[in-house]
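**Q** To start, I am sharing the structure in question, which I have written as structure tokens.
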Amino acid sequence: MPAITTLIKGKNPRFMPWIIEENEIENFVEQISNSPDSAEIQIGYVLKTSYLKSLEPKGENNIIVAVRDNNTSKYVGWSVISKKIVFIGGIKEKIAYVSELFLDSEYRNHIVFGLFVRMLLHFTVDCKGYLSTVMYDNKKVLNMLLSGKGKMVPYRDFGTINTLAFYSKKINKVDADIEISVKKAEEQDLDKLIQFWNEESVNNQFLPVYSVDILKNSKGLLRDLKIDDVILSIKNNKIVGSIAIWNQMAIKKAIIKNYPYWIKKLRPVINLLLKIRGIPVLPKENTEIDYRLISMLVVKNNESAVFKLLLNAIKKEINKKEKSTLLLMSLHEKNRLIQFIDFPYYNLKSKMIFASKGANIQEKNIVPYIELGSL
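The numbering used here numbers the first residue of the sequence shown as 1026 and each following residue consecutively.
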């Protein structure tokens, strides 16, 4: 049964904690697609596959939870809880990624929020913490989650995520380095790639724990990411960097659902200025955006030469097929690689928040890793 009766008291409650099952997905997706967003620039997605398949990159186990109003048979709140294994302080731990959170504004200080908290605690009992990301200007949701209400393990502000939107043609050309080479990954490289990631886990908080099977699988955590989408940097016969071009167009396409009034009025002027600077322009509302994601970005010792060569390899790879592509790349504010970017970009900022349930969080000198394709 989709109702979670163990989390409620009394008979015939109006609000019921609920698990969305496969036979309910169609009605559920229709409702969430028409729900308002608190952020100023509202970003949505057009699904190109089933909703359940679109969740695969979020975690190895995805649970859709909701609060149902029995009087109206409508959902007044929901979220996706996705579990995966990541490195925390170099140790493999299971955490939950809590995403797509929506609570009707009428019920945010209501029993509905309490039910959401109970479901969150219930379904993350086997996790060392839970992680969320919230758009920078979505102050209402951010403040609600950081408040620590409802006996929830309190979230802590883990800093700003910078998601850079830029054109591949704007990546500056770099000269070859006789000590560093780049190549497309092959199946025989995967064991060494996993070893490199494991070694770098002490410097990258929340780095996903990938296996050769995951890298070879066209479904699951890296759905539609092929082995030859990954580019490696080699120095002294050792991998010192990795990057990938992740095309998720077969899963979903992003759209701008709504702009604030002032952007709607000034968008032509803003776009003219952005175009002059070589920065991606603001698309029309409800227009599908063609883009690629920069993923699997790990650079040993944050070496600028390695980073720039990897980006240059991305540009060359794209140039084989088309003149330019819109790229999105996410870097935490503590990631020193951002200072080596010398081309124009548009920055979409969001907040990373994390609630620890016993995980050994060592924040000093450990940069949170961002896998944009999973957020």
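Glycine is no exception: its CB is placed at the ideal position from the N, C-alpha and C atoms.
Work out the CA separation of Gly1069 and Ser1058 for me, nearest whole Å.
**A** Distance between the alpha carbons of Ser1058 and Gly1069: 8 Å.
**Q** Going along the chain, which residues of its own chain have a beta-carbon closer than 7 Å to the beta-carbon of Gly1102, five neighbours each way excluded?
**A** The residues are Ala1091, Val1092, Phe1127, Leu1128, Asp1129, Tyr1132, Val1137, Phe1141.
**Q** How many angstroms separate the CA atom of Gly1398 from the CA atom of Lys1345?
**A** Rounded to whole angstroms, Gly1398 to Lys1345 spans 23 Å at the Cα level.
**Q** Using the beta-carbon count (16 or more within 10 Å), is Lys1348 buried or exposed?
**A** It counts as exposed.
**Q** Within 10 angstroms of its Cβ, does Gln1056 collect 16 or more other Cβ (buried), or is it exposed?
**A** Exposed, because fewer than 16 other Cβ atoms sit within 10 Å of the Cβ of Gln1056.
**Q** Pro1293 to Leu1299, Cα distance in whole Å?
**A** Distance between the alpha carbons of Pro1293 and Leu1299: 10 Å.
**Q** In the structure shown, what three-state DSSP assignment does Ile1395 receive?
**A** In the structure shown, Ile1395 sits in coil (DSSP, three-state: anything other than H, G, I, E or B).
**Q** Do Gln1230 and Val1123 count as a contact pair if the criterion is CB distance below 8 Å?
**A** Contact flag unset, no.
**Q** Compute the Euclidean distance between the alpha carbons of Val1265 and Glu1358, then round it to the nearest angstrom.
**A** Each residue's alpha carbon lies about 22 Å from the other.
**Q** Identify the continuous alpha helix (DSSP H) that holds Asn1168 and give its terminal residues.
**A** Start and end: 1164 to 1171.
**Q** Using C-beta distances below 8 Å, list every residue in its chain close to Val1054, excluding the 5 sequence neighbours before and after it, in chain order.
**A** Excluding positions up to five away in sequence, the list reads Leu1072, Tyr1076.
**Q** Please look up how many angstroms separate the CB atoms of Val1111 and Leu1232, rounded, as I've assumed it's under 8 Å.
**A** Val1111 to Leu1232, Cβ: 6 Å. Contact.
**Q** Could you pull the DSSP bridge partners for Val1352 from this structure?
**A** Strictly speaking, residue 1352 in this sequence is Leu, with Val absent from that position. Note: Leu1352 sits in a beta bridge opposite Phe1191, Arg1317.
**Q** Out of Ile1029, Gln1067, Ile1088, Thr1031, state which residue places its alpha-carbon closest to the alpha-carbon of Ile1050.
**A** Of Ile1029, Gln1067, Ile1088, Thr1031, the residue nearest in Cα terms is Ile1088.
**Q** Tell me the rounded alpha-carbon separation between Met1144 and Val1207.
**A** Looking at the two C-alpha atoms, the distance is approximately 46 Å.
**Q** Determine the DSSP secondary structure at Asp1249, reduced to helix, strand or coil.
**A** Correct three-state label for Asp1249: coil.
**Q** From Ile1203, Ile1363, Met1274, Lys1119, pick the residue whose C-alpha is nearest to that of Asn1262; which is it?
**A** The candidate whose alpha carbon is nearest that of Asn1262 is Ile1203.
**Q** What does the alpha-carbon distance come out to for the pair Val1159 and Thr1185?
**A** If I take the Cα positions, the gap works out to 10 Å.
**Q** How close, in whole Å, do the beta carbons of Val1237 and Asp1216 come, if the pair is a contact with beta carbons under 8 Å?
**A** Correct: roughly 6 Å between the Cβ atoms.
**Q** For the alpha helix (DSSP H) containing Asn1048, name the first residue and the last one.
**A** Looking at the DSSP string, Asn1048 is not in any alpha helix (DSSP H), and its letter there is neither H nor E.
**Q** Below 8 Å between beta carbons: does that hold for Ser1375 and Thr1188?
**A** Their beta carbons are under 8 Å apart, which means Ser1375 touches Thr1188 by this criterion.
**Q** Quick check on the DSSP output: what are the complete alpha helix (DSSP H) runs of length 4 or more inside the stretch 1116 to 1166, in order along the chain?
**A** Segments of the alpha helix (DSSP H) lying fully in the stretch 1116 to 1166: 1136 to 1148.
**Q** Please name the residue or residues paired with Tyr1100 in a DSSP beta bridge.
**A** According to DSSP, which records beta bridges pairwise, Tyr1100 is partnered with Arg1093.
**Q** Could you tell me if Ser1243 is buried or exposed, where buried requires 16 or more neighbouring beta carbons within 10 angstroms of its beta carbon?
**A** Exposed is the call here.
**Q** Between which two residues does the alpha helix (DSSP H) containing Tyr1076 stretch?
**A** Its alpha helix (DSSP H) spans residues 1076 to 1079.
**Q** Given this structure, state the Cα-to-Cα distance separating Phe1040 from Val1166, to the nearest angstrom.
**A** If I take the Cα positions, the gap works out to 21 Å.
**Q** Look up Phe1368 in the DSSP assignment and say whether it is helix, strand or coil.
**A** Phe1368 falls in the coil class under three-state DSSP.
**Q** When the Cα atoms are used, what is the spatial distance from Met1026 to Lys1209?
**A** Low confidence applies here, because Met1026 scores a pLDDT of 48, under 50, leaving its location unreliable; read the following figure in that light. Straight-line Cα distance between these residues: approximately 48 Å.
**Q** Just verifying my parser: in three-state terms, what is the DSSP assignment at Met1026?
**A** Any answer about Met1026 is weak, because its pLDDT of 48 lies below 50 and its placement is not dependable; what the coordinates show is given next. Met1026 falls in the coil class under three-state DSSP.
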